[in-house]
Amino acid sequence: MTIKQLSVFLENKTGRINEVVRILGTNGINMHAFSMAETTDFGILRLIVSDVDKAVEVLRSHDFAVISTDVVCLSCVNEPGALAVILEYLAQEQIFIEYMYAFAQNDRANVVIKPNDLKHCLEVLQAHQCDVLTF
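Just so it is clear: in the sequence shown, position 91 is 169 by the numbering used here, and no numbers are missing.
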């Protein structure tokens with residue numbers, strides 16, 4: 079299973095991230111995970127949210143450029159080396175990771191992955207009985 083990730087393009091300007099977070103909160107949209115990537119001219123705020131369609135609608139209504147992308151979110155034991163085992167499965171199958179970000183909660187680590195081949199990635203994860211999450 080895949081999940082939808084939003085990418086919000088932001089000018090490198092004070093308060094822009096706060097504005098996105100405020101808009102989402104005001105509209106009852108919860109952020110499950112996020113990551114911020116920066117270039118010299120703009121940033122990309124990647125978000126996993128509770129209501130993708132509503133988030134896209136309200137952010138675009140405030141003139142934010144937003145795109146939706148399919149990604150994989152997997153869960154593994156939060157201990158040294160656990161993620162390395164899973165990434166090795168993907169590497170053995172020539173699956174390239176474009177980017178990823180993670181968050182840990184208690185004894186589990188959750189990892190959002192954007193692979194170059196989403197279908198093959200899911201097949202490999204399922205073949206190795208990895209826990210793939212949906213929100």
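Think of the CB as a built atom: it goes at the ideal place given N, C-alpha and C, for glycine as much as any other residue.
For clarity, every value in this text was computed on a predicted model and none was experimentally measured.
- Counting of Cβ neighbours within 10 angstroms places residue 192 among the buried residues, the total reaching 16 or more.
- Take the alpha-carbon of residue 152 and the one of residue 178: they are about 11 Å apart.
- Scanning its chain for C-beta atoms nearer than 8 Å, with the 5 sequence neighbours on each side dropped, one finds no residue around residue 197.
- Straight through space, the alpha carbons of residue 200 and residue 103 are spaced by roughly 32 Å.
- Relative to the Cα of residue 155, the nearest Cα in the group 184, 203, 113 and 118 belongs to 184.
- In this structure, DSSP gives residue 148 an extended state, which the three-state scheme calls strand.
- Restricting attention to 162, 85, 90 and 79, the CA atom closest to the CA of residue 133 is found in 85.
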